[in-house]
Structure formats: structure tokens, C-alpha cells
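**Student:** Protein chains in written order, with this note's numbering: chain A, 146 to 673; chain B, 269 to 693. Glycine is no exception: its CB is placed at the ideal position from the N, C-alpha and C atoms. Take this structure, written in C-alpha cells, and hold onto it; I'll ask about it next.
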């Protein structure tokens, strides 16, 4: 039976929401954004900024939308004269001690103070003759600076550290207009999830050292992606300026990471901008030899020639094939890499870096996971194992070894090596591959990962791939039979879903930007 | 601190009967004066019966808001499923108010007895008495009295905890007080939930003022009808009220009169009137947070909840601040604003920034640098600071500013036009 709903009207728009919904959330359903600062759906309600004051019919005073639950028949006006006056008053008061240093502020362009003042603030100040409050910039933690002059005391950061990170190192110090965000005398803002305070800060008061002065907000192209830092699969946005990823921020997904990402994931983006990329398909020159090390070197060729060479190797060989893959490759690439070797006696494995787990205590089932790769579950569902040592042994006697973006692999084989990757290893220690096929990295292609809980999630292309590098799904798809080559990332996924049982019932069109759980959770990913 | 004045003939001495009587401070002395009889009587009644008696008496909160006490008690859950707490607000910090201090100094057992009766009525097993940090003498007296009462097992199963504040005005706000007891920053909480549902430590809690609870034993002993009969004006305001009068009167002090007593008589008769050669200019009748009255309004004001509203102010805490013609109202209002700016907890934007800005403008006017537009700006700010925040500290800062500009505009204009020169520092 569906839950009984509450009916109310917000700015003339009737909405229908579950009981206990807060007015500010109900307003979103009516297409109304009530301006606010202290409210954040991922934090406990504080009700302190008083910005979200709205008129509620029959209420004697204006009500704060962030702390007022809906009631049946409520009539709410966010644009009444009294509500607008109240909000204009709050904005004026927030600005009297605000430095208005927007031209040098990192937040400019994505600043909620800027936005709402522009939307409904006063055109001028009435505070002109008085000095503004001044406090020096403070170094709060490894990646966080506090600029108290810009602070509007919304306390989102304090509440995040207290209730979500549950490491209460921040507080409001002092009282009245002398108040500022204080840090514990012996504390540092170095919790593994502390960087979220920068995203939560509605103004440019808590800023990231990493992002400092890197770009203006309006220069950034934003693309939905998935964090590659671990197997949690946090939804992120890649901020790209001039084809360089300059920032990773959380993208809300209530089923995975809510509104947060960890500092490890936040910092884990520089590899996306690596300059030492494979940019052209390479084929080994005559004189080189498989399995012997050294050789005649590689020659850059066009895709047709490179693919023809690779297909030729696959057609000409028989017996055992080994795939050494990255657990950070897309599920489609992993699937197509296996399919390309379908005629062989196949072994596939990946290496996995294991680190420490770092949970975010205030959110259930959210942590930086020990498995520091984004698609461990996807790889396992497709058939790859963690038994990398056995695969290396098998490679010695294999006819073909396919390496997928695993530059640390040292392959010694009697057979031929096809190397598909974003970067080459420093030296071809085990022997020069017959073919080297350059692929796009996660920021340069579209694909899916399966997180540890069996959720299939898409990432989108944020910037172009360098040179002739192509998406992994395309490259590996081209190694297959002519009738089986996918024409798009979506097509690649649907072929995977049709072929691999665990993906039954999923289609690319249904994944959306928040992903879908597999019908059956992968046994390997479910903690005992 | 001194010894109180002997009662004036027109005072109705109920709570203040033993003010100045050092023996009444001791447990034995209090029992000799009939103390703890009311508690024994109350404990023989059901909690509901006690609540009903207090309801019938018409007793209303003496801390400032004037909420009916029995009604407040009746909001507590009848079926007790969690611990219930009683908080006693002894954080008397309202400028101009010093009545609870006198109660605790002279009749600590009266407060303990009232506390125990209230705790019985709301089924609380623990009562926290939150005493203002600066009240060192009352605290010592309360500690001694509590030790004596515990030794004599006078409070039954009730555990009373004396909690000393640390000097923040805002901790007198009921939910900030609860945060403070919990060891948190003294910030007022948003309501709902109200304390009767989610209060101290998240449990159902009732919070009452010292004077309110001290009146309760008298209601139990002498009956609701007697208490209700103490009324000179509006029947909605019953009993007696302590007024602490300070400022430009000949005999400042704490006076107890029946509700509805004329303010002018309190000042001219009980307090001995103005100093020789001086005339009355203004009165803030209910602690610094209520609108200022001018002379005409003082003449008409009857001291009860409704009487004060009638002349545009509030009874508040009963802290009567008197100004004679020597007072500079602009300066006085600036001092009040500066107090609120200092004490704002910094949560709500209007209060944090508004109180400080208001103070700066008033200081500017006093320095002879005011602008003609400043009064409109002050009024606009005050409007912005009223009715929009979690608690009423912001409103309290605005009230004297608005009423001051309205009633003493000529004094502001004198500074703004240069007719009055700022005093040399």
C-alpha cells in the first residue's frame, strides 16, 4: 500500500509529498528553490541562517522552510513581499562583514551568496562607513584553508565534522559578530573525508589548496563520472578546464555516496591528465621477436593496420590465451577482451592494490574501500580472477597474451602479446608486444563500472582522448568478429548484458546517471 | 550584598516574607516557619491533582514569557516512558533583574520545596537548578541548603543538581540552558520539538523560573482560590510579583506587590520617588528586553501581563529600570544594544550581524557622526531583527531601539543635528 501523501500548495503549484517532508524539499518538487545557506540535505537541520523564511498561510510569523514539516492543505508563498523582505534583510546582513573579494575568490561563479544576492539582494550597501570584521586565513588541514572573512557561519562544516565524519574538530568560536569557525587547538582537519567541507561551504570560506586559483568556476566543463579510487563507486563530477581535469567533486547519489567523496578519491585525478600517453597504434618491426626481449622496435601505424595485425595474431593462434587486465577498465572492455579470446583456453586475472579502509561513520555503507580499483566486481562478474600469479604462470605457455591497461605486467611468454593500454610500461621488460593499441582513459570514454555492492554505474566522456587513442570498448570490440563489433558504448553494454548472466534484465537506456543494481548482488561483494 | 528593606505597607509579602531573616536560610529555621509542609501535602496528592491546583491558581511564568505554569506542566507525557527532567532557570541575567537572586539568597529552601513539588507534578526524578555563574553568594547558599535538605531527607527521592553557568546571557534562554547543562555550546534550539517532548538530554523536560516555583508551595498550602484572589486588575494575572527596581529612584530594591499594582505607585511610594530635583523620564518595566515607557505611559501602567501590553510593553521579568531627566536615552539604548551584541550566540544572521550593526550606528550617533538616514536605518534593521530568529534575543535588542526612537526622537535628533555635542571621553 502506498504511503499516505500530504497535499500542499507552494507558490500556487500543488504538490504531493510524503508526510514529514520538510518544506524546503517539498518546494523542490514544486520547482521552487527556496534560497538557503545552513540547510543541506546531507546534514542535520540547524535552522540558523534564517535565509529560507517563507510565508505560510495562517502562521503568525514567517517560517523557515528547512525546519518546517509539511502539513495537509498548507499554502506556502516564497515570493510574498514579507518573505522577500526578510531574505533581502538576511542577505544585507551577511554582506556587511563579507569582503566582496569575488574577483580573487575561488568560489566566485559557484557561490551561493553571490547567486542569491544577485537574485534578490540589495543593489547597494548601507554599511559603507564601518570597518569589516577581519581575521587572518587559517590552515585547517592538508587540503583545506579557512578564510574567515568570507564565512557566513552557516555551520555546515561544523555539523559535517560532528555528525557525519564524527570527528568534531571544528566549532563556532566566540559569540556575536566576533564569531568564527574554530579548530581544536590540537586538531587538524585531516579526517579522510574532511575535504567535503570545501564542497559544503556555500561561500569561498573553506577552500581547497589543491584547487586554489586553478580555474574560475565558469571555465569548467562538468561531466558525470565515477570515482576510480576504490570499489565503492562514488558518483563524481569531473571538472575540466581546457581538456585538463582540475577537480573532482561528489555527485549526489543517495544509494551510494549521498553527497560525499573521500579525500583519496578527491585527490585521485592527476593520472587522468598524464602526458606520457600511448597516442598511436604500434606494431612491432620485423626483427623483433616475441618472448625474447628486445627486438626491432615499434612502428606507428593507422588503426586498420594495427587491428588487422592483432586479428591476424588471434586467428593464427590456438590453445591457451591469457588476459592480464586492469580492474579499473570498463565492464564493456573487460567483457569484449574476454570475447576476443573466446576461441582459446582462457585465463583472465587482475592485480589489486589493497589499502586501508576509511569509513565515513555518519553514512551507512560508505567508505574508502581497501580494494583500490573501480571495477573489481565487474571484472569478477565477467570471469576474471584475483589469481594474478597463476595467470602469469599460464602466460608463459600461452599462444596469446592480451594485456589490458596493466603497465606493471611483466609478461614472459612463448606466444604473442597484444598490449591495449593508456600508457606503456617504462620498458618492455618481458618482450616487445606484437601490437600496442592506445585506448582512452576513464575521463575520455564512456563506460560502466560495477561497484562492490553490485551497482552498475555509467561514467561519461569528459575530455577528448589524446592522439589516436580510442575508447577501450571500440578497440576490443574491433578484435571480435565483424558482426559482433559494438557501434557505441551503449551497444557495447547491451551486448554485455545479453551475454553475461549477472547483467540480466539491465539495459544501457535504464542505467541513467545514478546506475542500477544487478538483479542478483554478486556473492563475492557481499560481506559475510 | 546588603540586607533588604523592611516591607512597605503596600507590599503584599508572600515570597519575600523572610527576606532579610538569616535563620530562614537554614533547614531548621525554614521548617520552623512552616517550610516543607506544602511538599508533604503535595506528595500526598497525585501529580495531576497538583498540576490542576496550580492551573486553577492562574500562576504564570515569572521568567518573562508569562506562560501558564499548570498548563506547561500538563504538556509532559502522562504515561512516563522515559526519564522526565525539571530544569529550574536560575540564570537570572536580564539586565535590571535581581529578584531570583534575592529568593536564593534568603529563602533557598522555598525554591527547593517548590522544585520538589513541581518535580512531583511532572514525575521528574532529577531537577537541575541552573544558577547564573556570577551568582557566587546565592550559589553558596543554595549549596548549603541543598546539603541540609538532603541530609534531612526533605526532598524524598528527588535528586537536585546545582549547575553553575559560565556567564552567558543566552544560557537563560530555556533551550540554550539545556544545551549548556548537556555540556554543549549554549545555543538556543529550534522548536519544535518543544522541551516537554524533547528537552534535556532528549527527554521530556519542564523548565520553570525560580520565582514561579517559589510561588508553588504557597499555592499548595493556601489553595488556588486564595492565590487567584491576589489580583488588582486583570483576572488573567494572579498572585504576587517581585519587582526589582533599579536606576534613578531613591530606594532601589526588590518589592513584592499584587498583580495589577500601579507602576507609578511602585516608583513614587515604595521606591521613594525620584531623587530631589529630578523628574521621571522613562521606565523599562520588564527587564532590558521590553519596550521603553515614557512618563505618560508610566502613569497609566498597571503591573500585570495585560496592563503592560496595554501601554505597549511587557511585564517581562519584572526588572524595572528607571531613568530620570538626567539620562541620555541615546546612550542608554546604545548600552543595551551593545549588551545584546556582546551576548548574541551568533547562530541567526539577523541577531549576529544586526545587534552589532545597531550598536555601531548608535555609537556613531553618540559620537556626533550620525547621518540623517540613521534612524530609518535603525528602524529598518530592527524590523529585520524582529520575529525572524530562533530565540528573542534579536527582538530584545530591537525593542528598546524602536520604542526609544519613537518616544525620544528629539534626543536622537539633537545628536544628528549637532545641537547636542558628544561628551568628551
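Helix, strand or coil for residue 694/B per DSSP?
**Tutor:** Any property of residue 694/B remains undetermined from this structure, which presents chain B solely from 269 to 693.
**Student:** Using a Cβ cut-off of 9 Å, pull out every chain B residue sitting near residue 275/A, in sequence order please.
**Tutor:** Chain B residues near residue 275/A: 625, 628, 629 and 632.
**Student:** The alpha helix (DSSP H) spanning residue 319/B covers which residue range?
**Tutor:** 315-325 is the span of the alpha helix (DSSP H), which, as asked, contains residue 319/B.
**Student:** Residues in the segment 165-199 of chain A with C-beta within 8 Å of chain B's C-beta atoms, listed in sequence order?
**Tutor:** If the cut-off is 8 Å between Cβ atoms, the segment 165-199 of chain A has 190, 191, 192, 193, 194, 195, 196 and 198 near chain B.
**Student:** Could one say the Cβ of residue 652/B lies closer than 8 Å to chain A's Cβ atoms, at least one of them?
**Tutor:** Yes, because at least one Cβ of chain A sits closer than 8 Å to the Cβ of residue 652/B.
**Student:** Using only the alpha-carbon positions, how far apart do residue 689/B and residue 598/B sit?
**Tutor:** Using only the alpha carbons, I get a separation of about 12 Å.
**Student:** Going by DSSP, what residues sit across from residue 629/B in a beta bridge?
**Tutor:** Answer by DSSP bridge pairing: none, since residue 629/B is not bridged.
**Student:** Would you say residue 613/B reaches chain A, if we count a Cβ-Cβ gap shorter than 8 Å as a contact?
**Tutor:** By this cut-off, residue 613/B is an interface position.
**Student:** Decide if residue 499/A is buried, meaning its Cβ has at least 16 other Cβ atoms within 10 Å, or exposed.
**Tutor:** Its Cβ having fewer than 16 others within 10 Å, residue 499/A is exposed.
**Student:** At 4 residues or longer, and completely inside the segment 590-640 of chain A: list those alpha helix (DSSP H) runs for me, N to C.
**Tutor:** DSSP runs (the alpha helix (DSSP H)) wholly in the segment 590-640 of chain A: 617-623.
**Student:** DSSP on residue 714/B, reduced to helix/strand/coil?
**Tutor:** In this structure chain B extends from 269 to 693, so residue 714/B is not present and cannot be described.
**Student:** How is residue 615/B classed by DSSP in three states: helix, strand or coil?
**Tutor:** Looking at residue 615/B - three-state DSSP - the assignment turns out to be coil, as it is neither helix nor strand.
**Student:** The alpha helix (DSSP H) with residue 390/B in it runs from where to where?
**Tutor:** It spans 376-390 - the alpha helix (DSSP H) in which residue 390/B sits, taken as one unbroken run.
**Student:** With DSSP collapsed to three states, give me the class of residue 408/A.
**Tutor:** In this structure, residue 408/A counts as helix in the three-state DSSP scheme.
**Student:** Per DSSP, what are the beta-bridge partners of residue 428/B in this structure?
**Tutor:** BP columns for residue 428/B point to 395/B.
**Student:** Give the interface partners of residue 241/A over in chain B, defined as CB-CB distance under 7 Å, in chain order.
**Tutor:** Those are 621 and 625, listed as they occur along chain B.
**Student:** So, is residue 423/B buried or exposed, given that buried needs 16 or more other C-beta atoms within 10 angstroms?
**Tutor:** The residue is buried, with at least 16 neighbouring Cβ atoms inside 10 Å.
**Student:** Count Cβ pairs between the segment 617-636 of chain B and the segment 658-671 of chain B that sit closer than 8 Å; are there 3 or more?
**Tutor:** Output reads yes: the segment 658-671 of chain B touches the segment 617-636 of chain B.
**Student:** Evaluate residue 697/B with the Cβ neighbour count: other Cβ atoms within 10 Å of its Cβ, from every protein chain shown; 16 or more gives buried, anything less gives exposed.
**Tutor:** Since the displayed chain B opens at 269 and closes at 693, residue 697/B lies outside it and no answer follows.
**Student:** Could one say the Cβ of residue 618/B lies closer than 8 Å to chain A's Cβ atoms, at least one of them?
**Tutor:** At least one chain A Cβ lies under 8 Å of residue 618/B.
**Student:** Determine which residues of the segment 200-211 of chain A have a Cβ less than 8 Å from any Cβ of chain B, and write them out in chain order.
**Tutor:** Answer set for the segment 200-211 of chain A: 206, 207 and 209.
**Student:** Please report how far the alpha carbon of residue 671/B lies from the alpha carbon of residue 586/B, in whole angstroms.
**Tutor:** Between residue 671/B and residue 586/B, the C-alpha separation is close to 18 Å.
**Student:** What does the alpha-carbon distance come out to for the pair residue 273/B and residue 351/A?
**Tutor:** So the two alpha carbons sit approximately 58 Å from each other.
**Student:** Over what stretch of residues does the alpha helix (DSSP H) that includes residue 293/B continue unbroken?
**Tutor:** Careful: residue 293/B lies outside any alpha helix (DSSP H) and carries neither H nor E.
**Student:** Which two residues bound the contiguous beta strand (DSSP E) that contains residue 561/A?
**Tutor:** Segment 561-566, the beta strand (DSSP E) holding residue 561/A.
**Student:** I'd like the list of long-range same chain contacts for residue 658/A, defined as Cβ closer than 6 Å, with 5 residues on each side in sequence excluded.
**Tutor:** Same-chain partners within the cutoff: 369.
**Student:** Just checking my contact of residue 463/B with residue 480/B at CB under 8 Å: how many whole Å lie between their CB atoms?
**Tutor:** With 8 Å as the limit, residue 463/B and residue 480/B do not qualify as a contact, their Cβ atoms being about 15 Å apart.
**Student:** Determine, for residue 655/B, whether the minimum Cβ-Cβ distance to residues of chain A falls below 8 Å.
**Tutor:** Output row for residue 655/B: interface = yes.
**Student:** Among 477/B, 411/B, 482/B and 447/B, which one has its Cα closest to the Cα of residue 307/B?
**Tutor:** If we check each option's Cα against that of residue 307/B, 482/B comes out closest.
**Student:** Apply the 10 Å Cβ neighbour rule to residue 422/A and answer buried if 16 or more other Cβ atoms are within range, or exposed otherwise.
**Tutor:** By the neighbour-count rule (16 or more Cβ atoms within 10 Å), residue 422/A is buried.
**Student:** Quick one: measure Cβ to Cβ for residue 220/A and residue 162/A, integer angstroms, because I've assumed they're closer than 8 Å.
**Tutor:** Between residue 162/A and residue 220/A the Cβ distance is about 14 Å, and since that is not below 8 Å, they are no contact.
**Student:** Quick one: what does DSSP say residue 607/B is sitting in, helix, strand or coil?
**Tutor:** Reduced to three states, the DSSP call for residue 607/B is helix.
**Student:** Note down, in chain order, each residue of its chain lying with its Cβ closer than 8 Å to the Cβ of residue 430/A, except the 5 sequence neighbours on either side.
**Tutor:** If we look at residue 430/A and ignore the five residues flanking it on each side, its Cβ neighbours are 440, 441, 442, 443 and 444.
**Student:** Count the C-beta pairs between the segment 550-570 of chain A and the segment 330-340 of chain A that are closer than 8 Å, then say yes if the count reaches three, no if not.
**Tutor:** Flag = no, the segment 550-570 of chain A and the segment 330-340 of chain A do not touch.
**Student:** Any C-beta of chain B within less than 9 Å: which residues of the segment 252-279 of chain A qualify?
**Tutor:** Against chain B - using a Cβ distance shorter than 9 Å - the residues of the segment 252-279 of chain A are 271, 272, 274, 275 and 278.
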